[in-house]
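Novice:
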Amino acid sequence: QERTFIAVKPDGVQRGLIGEIIKRFEQKGFKPCGMKFMQASEEHMKKHYEDLADKPFYPGLCKYMSSGPLCAMCWEGTGVVKTARKMMGETKPADSAPGSIRGDYCIEIGRNIIHGSDAVETANKEIALWFKPEELFSWTQGNHSWIFE
Ligand code: GTP
Ligand code: MG
Numbered sequence: 003q004e005r006t007f008i009a010v011k012p013d014g015v016q017r018g019l020i021g022e023i024i025k026r027f028e029q030k031g032f033k034p035c036g037m038k039f040m041q042a043s044e045e046h047m048k049k050h051y052e053d054l055a056d057k058p059f060y061p062g063l064c065k066y067m068s069s070g071p072l073c074a075m076c077w078e079g080t081g082v083v084k085t086a087r088k089m090m091g092e093t094k095p096a097d098s099a100p101g102s103i104r105g106d107y108c109i110e111i112g113r114n115i116i117h118g119s120d121a122v123e124t125a126n127k128e129i130a131l132w133f134k135p136e137e138l139f140s141w142t143q144g145n146h147s148w149i150f151e
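Numbering (full-length UniProt numbering), first residue to last: 3 to 151.
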C-alpha cells in the first residue's frame, strides 16, 4: 500500500491545528501507520530538506522547522501521496484554494503549517528518515471495505 510522510510543522502545533489536520486525513479514509510528537534537530531538518540546500530560505526553513515540537506522521492509502498534496493546497498559502489545509489556516509561505511528501519515491525516503521500522504499523481498518471497493 502507498504511504506518505506528513508533518504538522511547529507553527501548526503552536496554533492548535494537530487535531484538525489529523481529522481531515482520518475522515478522508486514509489510515495512520505511524505518528510521533517530537522536536527535530536542525541537522535532521537539513537532511530532510537537502534538495533545497541552495535556496536562500534554506537556513531559515531548517531553523523554523527545528524551533519547536512538530507532529510527524505516516499515512497510508491508495494515491495518498498525490491526494495529500491536494488536501494541503499549494506551497504558497495565497495560491491555495479555500477548503484546502493551507487555504484555510495560514497566510505566509514561510509559515505554511504542514509538510507532505511530493512523490512516492520522496515519501519512501522521508518515511525512512523520520521513522524506525518498529514505529510503523501495518493494521487492518475495520471499515476498510466501506472505503475501498
Ligand atoms: P513541504 O511540504 O514543506 O516540502 O512544502 P512544498 O513541497 O509545498 O514546498 P517546497 O518543498 O518547495 O519547500 C519546502 C518548504 O520551504 C515550504 O513548505 C515552505 O515552508 C518553505 N519555502 C518554500 N519556498 C519558500 C520561499 O520562497 N520563502 C520562504 N520563506 N520559505 C519557502
Ligand atoms: Mg516539498
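Ideal Cβ positions, reconstructed from N, Cα and C, are used throughout, including at glycine. No experiment lies behind these values; they were computed from the predicted model shown.
Going by the beta-carbon positions, is the gap between Ser-68 and Ser-43 smaller than 9 Å?
Specialist: Taking the first residue of the sequence shown as position 1, residue 68 is located at position 66. Taking the first residue of the sequence shown as position 1, residue 43 is located at position 41. Yes, they are a contact pair.
Novice: Around the C-beta of Ser-147, are 16 or more other C-beta atoms found within 10 angstroms, so that it is buried, or is it exposed?
Specialist: Against the sequence shown, residue 147 aligns to sequence position 145. The residue in question, Ser-147, is exposed, as its Cβ has fewer than 16 Cβ neighbours within 10 Å.
Novice: Ends of the alpha helix (DSSP H) at Ala-74?
Specialist: Translated into positions along the sequence shown, residue 74 becomes position 72. Premise fails: Ala-74 lies in the beta strand (DSSP E), 72-78, not in any alpha helix (DSSP H).
Novice: Using 8 Å as the cut-off, can you tell me whether the stretch 3-23 makes contact with the stretch 72-89, which would need three or more C-beta pairs spanning the two stretches below that distance?
Specialist: yes
Novice: Mind listing which residues have their beta carbon within less than 7 Å of any non-hydrogen atom of ligand 2? Chain order is fine.
Specialist: Residues with their Cβ less than 7 Å from any non-hydrogen atom of ligand 2, running along the chain, are His-117 and Asp-120.
Novice: Since I believe Phe-139 is in contact with Gly-36 (beta carbons under 8 Å), could you give me their beta-carbon distance rounded to a whole number of angstroms?
Specialist: In the sequence shown, counting from the first residue as 1, residue 36 sits at position 34. In the sequence shown, counting from the first residue as 1, residue 139 sits at position 137. Right, their Cβ atoms sit about 7 Å apart.
Novice: Out of curiosity, what's the CA-to-CA distance linking Gln-143 and Lys-33?
Specialist: Stepping through the sequence shown from its first residue, residue 143 is reached at position 141. Stepping through the sequence shown from its first residue, residue 33 is reached at position 31. Rounded to whole angstroms, Gln-143 to Lys-33 spans 7 Å at the Cα level.
Novice: Do Lys-11 and Leu-54 have their C-beta atoms within less than 9 Å of each other?
Specialist: Translated into the one-based positions of the sequence shown, residue 11 becomes position 9. Translated into the one-based positions of the sequence shown, residue 54 becomes position 52. Against a cut-off of 9 Å, the Cβ pair of Leu-54 and Lys-11 comes out as no contact.
Novice: Which of the three DSSP states is assigned to Cys-108 in this structure?
Specialist: On the sequence shown, residue 108 is found 106 positions in, with the first residue counted as 1. Assigned with DSSP and collapsed to three states, Cys-108 falls in coil, not helix or strand.
Novice: What is the rounded straight-line gap between the Cα of Gly-18 and the Cα of Leu-63?
Specialist: Here residue 18 refers to the residue found at position 16 when the sequence shown is read from its first residue. Here residue 63 refers to the residue found at position 61 when the sequence shown is read from its first residue. Gly-18 and Leu-63: Cα-Cα distance of roughly 20 Å.
Novice: Per DSSP, Ala-9 forms a beta bridge with which residues?
Specialist: Working through the sequence shown from its first residue, we reach residue 9 at position 7. Ala-9 pairs with Ala-74 and His-117.
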